[in-house]
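Comments concern the structure below.
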Amino acid sequence: MIRVRFAPSPTGFLHVGGARTALYNYFYAKHCGGKFILRIEDTDIARSTRESEQMVLDSLLWLGITWDEGPDVGGQYGPYRQTERINIYKEYAKKLMDTGAAYEVYASAEEIKVLHENLMNAGKAPHYSKEMFAAYDTPERRDDFEKKGIKPAIFFNMPRKEYSFNDGIKGEIKFKKGSLGDFAILRSNGFPTYNFAVVIDDMLMKITDIIRGDDHVSNTLKQLAIYEAFDAEIPNFAHASTILGPDGKKLSKRHGATSIEDFKIKGFLPEALDNFLALLGWSHPKGKDIMSISDMIDNFSIDRMNSSPAIFDETRAKWINGHFIREESIDRITELSIPYIVDSGLMTYTQAESNLKWLKKAVDSVRKGVLTISEIPEKLKVYFDEVEPSLIDCSDEKFRKIAVCLKNMTEMMENMDAWNPKEIIDLVKRALKDNKPDRKCFYGCLRKVLTDQDEGPELVDIIFLLGRTKVMNRIDKAVGKL
Ligand code: GLU
1 MIRVRFAPSP TGFLHVGGAR TALYNYFYAK HCGGKFILRI EDTDIARSTR ESEQMVLDSL
61 LWLGITWDEG PDVGGQYGPY RQTERINIYK EYAKKLMDTG AAYEVYASAE EIKVLHENLM
121 NAGKAPHYSK EMFAAYDTPE RRDDFEKKGI KPAIFFNMPR KEYSFNDGIK GEIKFKKGSL
181 GDFAILRSNG FPTYNFAVVI DDMLMKITDI IRGDDHVSNT LKQLAIYEAF DAEIPNFAHA
241 STILGPDGKK LSKRHGATSI EDFKIKGFLP EALDNFLALL GWSHPKGKDI MSISDMIDNF
301 SIDRMNSSPA IFDETRAKWI NGHFIREESI DRITELSIPY IVDSGLMTYT QAESNLKWLK
361 KAVDSVRKGV LTISEIPEKL KVYFDEVEPS LIDCSDEKFR KIAVCLKNMT EMMENMDAWN
421 PKEIIDLVKR ALKDNKPDRK CFYGCLRKVL TDQDEGPELV DIIFLLGRTK VMNRIDKAVG
481 KL
């Protein structure tokens, strides 16, 4: 059975890179009928917080990603938070010491730093070895550590040989013999280093496939050596391409919204963001731009993942979002718009609730012209703002005809029984038939009179949604005394 994991470090919001990794793992698990595991890598205690863990979980859920095993739902291979697995790492470090694959280091952090500097100053690669630390391992030092209750750090005895693996995206990756020296797996505070904890967890959680960002390619060397030391089966690796900003530089905050929370606030639909993120490094076999989650799951495969860097282009994200906004049910789009409408002061929650039928029609009339939900209130203003139309200049014959037409419209409106789009269209047609003004100019004028704008929703929607009284008042003001 395929088992994949997403292993975020809870040190802030979930960002697009992490979300993309989570999605690929989720799609892959679902596609293969496997399991998706969520593991919290919180051993960097200075930067990890429970609040940020919760924010990451919330963002994943918002994106529609659910997990089969994880810190909140539990599972057979828990706990799923690394800080709750400290004893496991100690036990496994001990196993490596027993076989000679790891050893204790009695040098202090400062002394290790000095060793590092000396190597660098001598123009050598900063590769540690057991021999280098031997001088510090004296009976006095051991005694001192014991008395002070200090534990030695544990270092891994890195074999000086070539390593390679076959990456599902990048193909064969080789690490030259001796490209790395020994490295810490357990710090003297008893906490594991990332490369050690990650292997122990992936091993014990029976992870079969690791899909992650390609910033982890170089870490894979240490990880391969640790798997080997345990004589454990090495999972399949697939390192997804880097995400770059439109300027070709590594994506960062400078490029605008990069956290999932930012996108949510901006009024993106989660499925649109999923669609956009998935395409940053993967493509649908039919080359589709717009896809549902189930379509992505059905068609997901690692061999359609791209090895060249992806460009993060927010314009494209918005274009996809606009598409989803137009296609989604109006009930949901209205529901999502309400907080933005209330925020902008156009309506209160109570008003929105009691005028829901009207509001749905109003939102429906403007959604074609928006790319994010947050743009909806601005577009809705035509239905709320008071418009003071300027008087139509009737000395010009062309405009006089239009004014007569508009005046007729208001008279007919007064006698209309039913106020609905069909009747409104009929009425406009009748008004035009009698006076035959320039149609394009007439429609432009009518729009200007009703909304003080040159473009916006369909005229019939504007008339219907403004309501008889407002329409008549505005026309009367613009036409004046004919
Ligand atoms: N905790 C690591 C990170 O957030 C993930 C490690 C991995 O996927 O191997 O980058």
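If you count by the numbering used here, then the sequence shown holds residues 1 to 482, one letter each, in order.
All C-beta atoms, glycine included, are put in the ideal place defined by N, C-alpha and C.
| Query | Result |
| --- | --- |
| Min CB distance K470 to chain D below 7 Å | Of the protein chains in the structure, only one exists, and it is not chain D. |
| Beta-carbon spacing of N306, S241 below 7 Å | yes |
| Best match in T348, A403 and F27 for proximity to S395 [C-alpha to C-alpha] | A403 |
| beta-carbon R212 near the ligand GLU non-hydrogen atom, thresh 6 Å | yes |
| Residue nearest to P309 in terms of C-alpha spacing, selected from R332, T348 and H239 | H239 |
| Residues of its chain near D289, where Cβ-Cβ distance is below 6 Å and the 5 sequence neighbours each way are ignored | none |
| Cβ separation of I462 and V382, assumed to be a contact under 8 Å, to the nearest whole Å | 6 Å |
| Element boundaries [alpha helix (DSSP H), containing V382] | Element bounds for V382: n/a, residue is neither H nor E. |
| Proximity test, V485 beta-carbon vs the ligand GLU heavy atom, cut-off 6 Å | The requested residue 485 does not occur in the structure, where the chain is confined to residues 1 to 482. |
| Option nearest V14 by Cα separation, candidates D98, T258, N435 and I112 | The residue asked about is misnamed: residue 14 is Leu in this sequence, not Val. Nearest C-alpha to L14: T258. |
| Alpha carbon of G213 to alpha carbon of G17, nearest angstrom | 7 Å |
| Cβ-heavy atom distance, P8 to the ligand GLU, below 6 Å | yes |
| Whole-angstrom distance between F384 and E414, CA atom to CA atom | 22 Å |
| H239 - containing beta strand (DSSP E), residue span | N236 to A240 |
| Nearest-angstrom Cα separation, counted from A197 out to Y499 | Because residue 499 is not part of the residues shown, which for the chain are 1 to 482, the question remains open. |
| Unbroken beta strand (DSSP E) run spanning S164, endpoints | Y163 to D167 |
| Straight-line gap, I207 to R187 (C-alpha atoms, nearest Å) | 25 Å |
| As assigned by DSSP and simplified to three states, the class of A478 | helix |
| Own chain, CB closer than 7 Å to T11, minus 5 neighbours either side, in chain order | D44, R47, S48 and S52 |
| Entirely enclosed beta strand (DSSP E) segments - the region 194 to 282, minimum 3 residues | 209 to 213 and 236 to 240 |
| In DSSP terms, what V105 is bridged to | A153 |
| Straight-line gap, E228 to L371 (C-alpha atoms, nearest Å) | 51 Å |
| Beta bridge counterpart(s) of F36 as assigned by DSSP | V4 |
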